[in-house]
Amino acid sequence: MNSKRWSKNLQLHIMLIPATLFAILFSYVPITGIVIAFQRFIPNRGFFKSTWVGLDNFIYMLNMPDIYQVLYNTVFIALMKIIAGLIVPIVVALLLNEMKKKVLVRSVQTMIYLPHFLSWVILGGILIDILSVENGIINKVMQGVGLPSVFFLGDNSWFPFTLVITDVWKEFGFATIIYMAALTSIDPTIYEAAIIDGANRWKQTFHVTLPGITPIIILLGVLSMGNVLNAGFEQVFMLYSPSVYESGDIIDTLLYRVGFVDAQFGVATAVGLFKSVIAALLIGTSYWLAYRLAGYRIF
Amino acid sequence: MGSKKSSQQLATIVISIAMLVLGIVCLLPVIHIIAFSLSSPAAANSGKVLLWPIEFSLDAYTYIMDEPKFGKSFLVSLERVGLGLSISCLLTLLTAYPLSKESARFRSRTFYVWFFVTTMLFSGGLIPTYMVVRAYGLLDTIWALVLPGAVQVFNITLMLNFFRGLPKELDESAFVDGAGHWTILFRISLPLSLPSLATIALFTMVGHWNAWFDGLIYMNRPEHYPLQTYLQTIVTNPDMSRITNFAELKNISTRTVKTAQIIVAMLPIIVVYPFLQRFFVKGIVLGSVKG
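The following block contains the structure:
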């Protein structure tokens, strides 16, 4: 019996071989590549033959002239995205919940989900076109109604907000799904009781619906704390230009330029490691909080 | 009482209209770009095009159909989607099945689960991953776009949970009849889980179609770029005018050509969008707030 089970389990092990190999080759080997952060790395010498330089790369990073501005931009943009990304979907989900015709709800959902499935290349291409100062439709319309034209993608006072608003455009529809799902799980008899007690729709919303989805709001809010250093690389990379580095350059775009444009692999890896260590601490804290506050467990 | 009811109805109508307007506003940029790409260059550049093409013209589309770089990158994208889809789905099946067994039966399960979850929690980061792909000699090959992300732990989790939901009696009776795990996976579990696999396949396809950053770093030669990477380079380079034949300039403009390319790159997503929408609600709720 035992040897039979062993041979049956052997089949299971064999099934796991391919994915295990892939994980070793493309996840675990790169993790050991973090040693680059402590080297003056030369690609042809590999991970273990490049010169070791201790913490030089980190010292270099902290002495980069823009690093603090970049850190500030990252946290500022990410926090605004987190806040807007929490509030807008909740409001939209609550409003959709008030609509009576299911066909209409579905059509609105179909319209607001779409941008989520388009890449930042496509959305960025669209945005660069419509937000352009000379020919963009938005500025044309604004001029039409007598407003001054705005360089959304080139003006440092506008750029971070452009990022936040366009990010909301891409993701808010998709985020409403979770709240809509939470809304349907509220016990309908609570509404019936509230109506008998004379609660109008506002009161129902504030005293039944909102408390009903508060656990989900807390959970998603806490989990999003892990994203405080993720200001959205693909979006910023598509939309920024040197004229808005001051307000729009973030850790990930800086890392890309240091690594791939300047070929300073050691420094770029140090920047990446710095970011992932802080991110790991934040994620760890947020999961701990999520567990304490909402009883949420990942595994 | 009657007025209260009618004011409630009024509120419903106002909310419904506001939400419909919101939905339409979300689509306006896309509709504008479609209208723009279908207009003649003169009308397009005059700034009159809003949401409906003016002086309807397909010239921009016929131009990109003849553009060798566009066609080439379109093929790279198709190849990438095909390879990525088959490899990822196979890996997902082969990994999810053993991990769906109970730890009591399959002792090493816990080890494997942590082994894969770790890859989700920690990563080497951009530069080390790039260096590894480079060291394996995958730069400038399609494999650089397919292999590094082939194991998708999130999809494996979804599939694994689905396998667990299948009745255990199926496995047990098959074991009694002498079937091994391979037979059970491919003859019993797989046919029963085709809808779940289809969902995962659809999301993998969309992910591969939309990916562009890996193409930018792993491909040195523009002719190896997948479509989205190619698009990225032309969209973000205002000076890169690809129109060299001046006789053609009358019928097209860089801007209408750009927008036409954006629309063509978007088409596959629009085509699968109805299916995506049908599937994803379940998937995201399962993945993000599992109880």
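If you read the protein sequences in the order shown, they are chains A and L. All residue numbers for the first sequence refer to this note's numbering, where the first residue is 137 and numbers rise by one. All residue numbers for the second sequence refer to this note's numbering, where the first residue is 12 and numbers rise by one. Using N, Cα and C, we set each Cβ at its ideal position, and we do this for glycine too. Just so you know, these numbers come straight off a predicted model, no measurement behind them.
For residue i: DSSP bridge partner residues
i                      : result
residue 175 of chain A : A/188
Which of helix, strand or coil DSSP assigns to residue i
i                      : result
residue 236 of chain A : coil
residue 231 of chain L : coil
residue 151 of chain L : coil
residue 290 of chain L : helix
residue 243 of chain L : helix
residue 427 of chain A : helix
residue 284 of chain L : helix
residue 260 of chain A : helix
residue 116 of chain L : coil
residue 69 of chain L  : coil
residue 307 of chain A : helix
residue 58 of chain L  : coil
residue 331 of chain A : helix
residue 251 of chain L : Residue placement at residue 251 of chain L cannot be trusted, given a pLDDT of 44 that sits under 50; what the coordinates show is reported in the next sentence. The answer is coil: DSSP assigns residue 251 of chain L none of H, G, I, E or B.
residue 180 of chain A : helix
residue 101 of chain L : helix
residue 49 of chain L  : coil
residue 90 of chain L  : helix
residue 283 of chain A : coil
residue 236 of chain L : coil
residue 163 of chain A : helix
residue 294 of chain A : coil
residue 322 of chain A : coil
residue 111 of chain L : coil
residue 220 of chain L : helix
residue 299 of chain A : helix
residue 336 of chain A : coil
Option in the options with minimal Cα separation from residue i
i                      : options                    : result
residue 370 of chain A : L/233, L/222, L/267, L/264 : L/222
residue 408 of chain A : L/137, L/99, L/154         : L/137
residue 427 of chain A : A/355, A/235, A/280        : A/355
residue 284 of chain L : A/153, A/246, A/168, A/216 : A/246
residue 56 of chain L  : L/270, L/29, L/139, L/150  : L/270
residue 384 of chain A : A/325, A/290, A/301, A/263 : A/290
residue 230 of chain A : A/204, A/347, A/293, A/143 : A/347
residue 217 of chain L : L/233, L/248, L/278, L/184 : L/278
residue 366 of chain A : A/208, A/160, A/278        : A/208
residue 131 of chain L : A/417, A/159, A/373        : A/159
residue 243 of chain A : L/100, L/272, L/37         : L/37
residue 80 of chain L  : L/267, L/177, L/245        : L/245
residue 290 of chain L : A/315, A/357, A/249        : A/249
residue 267 of chain L : L/24, L/27, L/64           : L/64
residue 438 of chain A : A/271, A/150, A/205, A/254 : With chain A running from 137 to 435 in the structure shown, residue 438 of chain A is simply not present.
residue 154 of chain L : L/115, L/47, L/235         : L/235
residue 44 of chain L  : L/142, L/31, L/61, L/118   : L/61
residue 50 of chain L  : L/211, L/264, L/273        : L/264
residue 416 of chain A : A/236, A/364, A/235, A/187 : A/364
residue 161 of chain L : L/272, L/274, L/127        : L/127
Within-8 Å CB hit, residue i to chain B
i                      : result
residue 284 of chain A : No chain B appears in this structure, whose protein chains are A and L.
Problem set entry | Sufficient close CB pairs (3 or more, under 8 Å) joining the segment 15–34 of chain L to the segment 221–233 of chain L | no
Problem set entry | Inter-stretch contact at 8 Å, needing at least 3 Cβ pairs: the segment 159–177 of chain A / the segment 185–196 of chain A | yes
Problem set entry | Whole runs of the beta strand (DSSP E) within the segment 196–236 of chain A, excluding any shorter than 3 residues | none
Exercise. Looking at C-beta atoms only, is the number of pairs between the segment 63–73 of chain L and the segment 88–98 of chain L that lie closer than 8 Å three or more?
Worked result: no
Exercise. Is there contact here, the segment 158–167 of chain L with the segment 188–206 of chain L, by at least three beta-carbon pairs under 8 Å?
Worked result: no
Exercise. Are three or more beta carbon pairs between the segment 392–411 of chain A and the segment 146–165 of chain A nearer than 8 Å?
Worked result: no
For this session: Report the residue ranges of all beta strand (DSSP E) runs contained in full by the segment 354–424 of chain A; include only those spanning at least 3 residues, in chain order.
Result: none
For this session: Scan the segment 125–203 of chain L and note each continuous alpha helix (DSSP H) run of 4 residues or more that stays entirely inside, going in chain order.
Result: 137–146, 154–157, 164–176, 179–187
For this session: Inspect the CB distances between the segment 377–385 of chain A and the segment 346–355 of chain A and report whether three or more fall short of 8 Å.
Result: no
Exercise. Does the segment 215–225 of chain A come within contact of the segment 300–309 of chain A, defined as at least 3 CB pairs closer than 8 Å?
Worked result: yes
Problem set entry | contact_flag[the segment 105–112 of chain L, the segment 228–245 of chain L] where n(CB pairs < 8 Å) is 3 or more | no
Exercise. Is the segment 203–219 of chain L touching the segment 45–56 of chain L in the sense that three or more CB pairs, one from each, lie closer than 8 Å?
Worked result: no
For this session: Examine the Cβ distances between the segment 261–270 of chain A and the segment 283–301 of chain A and report whether three or more of them are shorter than 8 Å.
Result: yes
Exercise. Given 8 Å as the limit, is there contact between the segment 202–219 of chain A and the segment 291–303 of chain A, that is, 3 or more CB pairs closer than that?
Worked result: yes
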